[in-house]
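Participant: Once you've had a glance at the structure underneath, I'll fire off some questions.
There are 2 protein chains.
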Amino acid sequence: MAMEIERRFLVKDESWRDLAEGLRYRQGYLSVDPARTVRVRVVGDDAWLTIKSQVSAMSRHEFEYAIPRADAEQLMDAACPMVVEKIRYRIKYAGHLWEVDEFFGENGGLLLAEIELSDEATEFVRPDWLGEEVTLDGRYTNAYLSQNPYRRWPK
Amino acid sequence: MAMEIERRFLVKDESWRDLAEGLRYRQGYLSVDPARTVRVRVVGDDAWLTIKSQVSAMSRHEFEYAIPRADAEQLMDAACPMVVEKIRYRIKYAGHLWEVDEFFGENGGLLLAEIELSDEATEFVRPDWLGEEVTLDGRYTNAYLSQNPYRRWPK
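Going down the list, the protein sequences come from chains P and V.
For the first sequence, UniProt numbering begins at 1 and goes up steadily by one.
For the second sequence, UniProt numbering begins at 1 and goes up steadily by one.
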């Protein structure tokens, strides 16, 4: 078990695009309850089952297990209400790793940037392309987006 | 992924007790939705994460992964609303394996017998101690019992 501390932001322009290669992610949820989210994720030939249990708005216990990719595909088909599709770009900036997620399908149009921290109080430099922080807005979790995709949000 | 076909019965007397040794099971649920139940189980030094996705009242897709016992204990503590405790007795009868579960704690007083079949139409001989079939009664699933324990059922 690991502790995951994460902050999440909107992305305000496209200037980050030249900084990294993207990897395609597909993920579905067996539970979207913040006290016990259960995620199935496929990246390339690899797949994982991940359980997160919320400790605070930005901290979660995380348990992750590699599973056969064929199992993950079957789980997404048979047991997940919707699959979230995105390309994840990993960008190093001022000593921290940022992950920018570009969503597709029903979540198309959404860009989110996440930073993982070792402590809730850790300071970091905000890159120019970083927009408003949405860590405390539960709508921007992938679990929520799997049930209420971005394109269906009231404008 | 395997297909699990299971029928479930009440137990009407104690005559099965001399037929088998019991093993203690502890299990909690990260999702109790029949379309995607996620179970954490500890038996002795072993632990598993199991996902079942309902196909029909008696059939489910099943995906099971061994996980470290310490993870399972932490998951039950941190992320499962309640832990179901039981002793499971495995009893061979007329060519089939029966599992009799004797529940404890908030589910104390409940005895259930399960048989796993290779096909929904498979015939089997009912042992004398077998009571009413409850396969179609969702209250007798362990997932339901983890949220609505037997001792709190209206009498």
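Don't be surprised by glycine CBs; every beta carbon is placed ideally from N, CA and C.
Treat the numbers as computed from the prediction; the structure is a model and nothing was measured.
(1) What did DSSP end up calling Asp-71(P) once you bin it into helix, strand or coil?
(2) Could you tell me whether any Cβ in chain V is nearer than 7 Å to the Cβ of Arg-69(P)?
(3) Just reading off the alpha helix (DSSP H) that Tyr-144(V) is part of, what are its end residues?
(4) Report the partner residues of Thr-37(V) according to the DSSP bridge assignment.
(5) Anything in chain P within Cβ reach of Ser-53(V), meaning under 7 Å, just list it in chain order.
(6) Between Ala-47(P) and Glu-106(P), what straight-line distance do the alpha-carbon atoms span, to the nearest angstrom?
(7) List, in order along the chain, the chain V residues whose C-beta lies closer than 8 Å to that of Tyr-65(P)?
(8) When burial is assigned at 16 or more other CB atoms within 10 Å of the CB, is Leu-30(V) buried or exposed?
(9) Counting only C-beta atoms, is Arg-36(P) closer than 7 Å to chain V at any point?
(10) Measuring CB to CB, does Val-40(V) end up less than 7 Å from Leu-49(V)?
(11) Using DSSP's beta-bridge definition, name the partner residues of Gly-28(P).
(12) On the CB-based measure, 16 or more other CB atoms within 10 Å of its CB, does Thr-122(V) come out buried or exposed?
(13) In terms of alpha-carbon separation, which member of Trp-98(P), Gly-109(P) and Ala-143(P) lies closest to Leu-19(P)?
(14) Quick check: what's the CA-CA separation for Pro-81(P) versus Ala-66(V)?
(15) Would you grab the beta carbon distance between Phe-9(V) and Leu-130(V) for me? Rounded to a whole angstrom, and I think it's under 8 Å.
(16) Consult DSSP for Arg-151(P) and reduce its assignment to one of helix, strand or coil.
(17) Determine whether the beta carbon atoms of Glu-133(P) and Met-58(P) lie at a separation below 7 Å.
(18) Assuming Ala-2(V) is part of the beta strand (DSSP E), what are its boundary residues?
(19) Please decide whether Leu-10(P) counts as near chain V, where near means a Cβ-Cβ distance under 7 Å.
(20) Please work out which residues of its chain come closer than 7 Å, Cβ to Cβ, to Leu-136(V), disregarding the five sequence neighbours upstream and downstream, and give them in chain order.
(21) In three-state terms, what does DSSP make of Asp-45(P)?
(22) Would Ser-31(V) pass as an interface residue toward chain P - the criterion being a Cβ-Cβ separation below 7 Å?
(23) If we count the other Cβ atoms within 10 Å of its Cβ and call it buried at 16 or more, is Gly-28(V) buried or exposed?
(24) Please report how far the alpha carbon of Val-32(P) lies from the alpha carbon of Ala-143(P), in whole angstroms.
(25) Below 7 Å between beta carbons: does that hold for Ser-53(P) and Ala-70(V)?
(26) Using beta carbons (cut-off 7 Å, strictly below), is His-96(P) in contact with chain V?
(27) Under 8 Å by Cβ, that's how I've got Arg-26(P) and Glu-85(P) pegged, so tell me the actual separation to the nearest angstrom.
(28) Using CA coordinates, which residue listed in Leu-117(P), Glu-120(P), Val-100(P) and Glu-114(P) is at the minimum distance from Leu-22(P)?
(29) The beta strand (DSSP E) with Ser-59(V) in it runs from where to where?
(30) If you run the structure through DSSP and keep just helix, strand and coil, what is Glu-132(P)?
(31) Taking the C-alpha atoms as reference points, what is the distance between Arg-24(P) and Phe-103(V)?
Facilitator: A quick look at the data gives this:
(1) helix
(2) no
(3) 142 to 145
(4) Lys-52(V)
(5) Ala-78 and Ala-79
(6) 22 Å
(7) Leu-49, Tyr-65 and Ile-67
(8) buried
(9) yes
(10) yes
(11) Val-40(P) and Val-83(P)
(12) exposed
(13) Trp-98(P)
(14) 25 Å
(15) 5 Å
(16) helix
(17) no
(18) 2 to 11
(19) no
(20) Ala-57
(21) coil
(22) yes
(23) buried
(24) 5 Å
(25) no
(26) no
(27) 5 Å
(28) It should be pointed out that residue 22(P) corresponds to Gly in this sequence rather than to Leu. Comparing Cα positions, the closest option is Val-100(P).
(29) 59 to 66
(30) strand
(31) 46 Å
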